[in-house]
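Before any comments, here is the structure.
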Amino acid sequence: MIDPIPMAGEVKKLPLPASKFLMVTAAAMIDGDGRVLVQQRPPGTAMAGLWEFPGGKIEPGETPEAALVRELDEELGIVVDHSCLAPAAFASEALGERHLLLLLYALRKWQGIPVARHATALQWLRPVQLHALAMPPADRPLIGLLEALI
Numbered sequence: 514m515i516d517p518i519p520m521a522g523e524v525k526k527l528p529l530p531a532s533k534f535l536m537v538t539a540a541a542m543i544d545g546d547g548r549v550l551v552q553q554r555p556p557g558t559a560m561a562g563l564w565e566f567p568g569g570k571i572e573p574g575e576t577p578e579a580a581l582v583r584e585l586d587e588e589l590g591i592v593v594d595h596s597c598l599a600p601a602a603f604a605s606e607a608l609g610e611r612h613l614l615l616l617l618y619a620l621r622k623w624q625g626i627p628v629a630r631h632a633t634a635l636q637w638l639r640p641v642q643l644h645a646l647a648m649p650p651a652d653r654p655l656i657g658l659l660e661a662l663i
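Note that the sequence shown covers residues 514 to 663 in our numbering.
The structure is reproduced here in structure tokens:
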């Protein structure tokens, strides 16, 4: 019998139970000028001061879309119809003893003007400008996709 040859970049299986996975949804809110909204994490939170796409954790029993609609209302005070959320990408990132799965949706239509209810600040930036921001590791790989999408 021939031993299998390990492949470069072979994916390792993580010995993590489902409870160790953190499921998060986020929105790449795109305005009419092709800019994307990012928010700054407030002091006293994990990764304080970093810039991220608005969104949050999926609660038990929620769909990713329902969680994102809820989070955008809570964080920014905007109303979003789930039919306006277009799946765009995902990111997978180790996060201490947990593993983060971030689902990113593109959003071009909402009601209201975003206000930083929980964030320190908001910025509308072109995707290329996002490279200069300090962002969480899971958000960074999504920038290139947004450059191609917008």
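Yeah, the Cβ is synthetic: ideal placement off N, Cα and C, and Gly gets one too.
C-alpha gap between residue i and residue j, whole angstroms
i: Ala-482; j: Arg-554; result: The displayed coordinates of the chain run from 514 to 663. Any statement about residue 482 would go beyond what the structure contains.
i: Leu-659; j: Ala-651; result: 14 Å
i: Ala-647; j: Arg-653; result: 9 Å
i: Ala-599; j: Leu-615; result: 14 Å
i: Thr-538; j: Met-560; result: 17 Å
i: Ala-607; j: Arg-639; result: 27 Å
i: Leu-635; j: Ile-571; result: 22 Å
i: Pro-649; j: Leu-563; result: 6 Å
i: Gly-609; j: Val-582; result: 27 Å
i: Gly-557; j: Cys-597; result: 33 Å
i: His-612; j: Gln-624; result: 33 Å
i: Ala-619; j: His-595; result: 11 Å
i: Ala-541; j: Leu-617; result: 7 Å
i: Glu-575; j: Leu-535; result: 13 Å
i: Lys-533; j: Glu-565; result: 22 Å
i: Ala-601; j: Gly-657; result: 12 Å
Per-residue burial, residue i [other beta carbons within 10 Å of its own, 16 or more giving buried]
i: Gln-552; result: buried
i: Val-549; result: buried
i: Pro-577; result: buried
i: Val-593; result: buried
i: Gly-568; result: buried
i: Ala-645; result: exposed
i: Ala-661; result: exposed
i: Met-514; result: For Met-514, the predicted structure reports a pLDDT of 49, less than 50, and the residue's modelled location is therefore unreliable. The matter cannot be settled from this model.
Residue interval of the alpha helix (DSSP H) (run including residue i)
i: Pro-649; result: Run containing Pro-649: none; DSSP gives neither H nor E here.
i: Leu-563; result: Counting along the chain, Leu-563 falls outside any alpha helix (DSSP H), and DSSP gives it neither H nor E.
i: Ala-661; result: 655-662
Bridge partners - residue i, DSSP secondary structure assignment
i: Lys-570; result: Val-537
i: Ile-591; result: According to DSSP, which records beta bridges pairwise, Ile-591 is partnered with nothing at all.
i: Leu-635; result: Gln-552
i: Ala-600; result: The sequence given here has Pro at residue 600, not Ala. Looking at the DSSP assignment, Pro-600 forms a beta bridge with Tyr-618.
Terminal residues of the beta strand (DSSP E) in which residue i lies
i: Arg-611; result: 611-620
Under 8 Å: do the stretch 622-629 and the stretch 587-599 share three or more Cβ pairs, one atom per stretch?
yes
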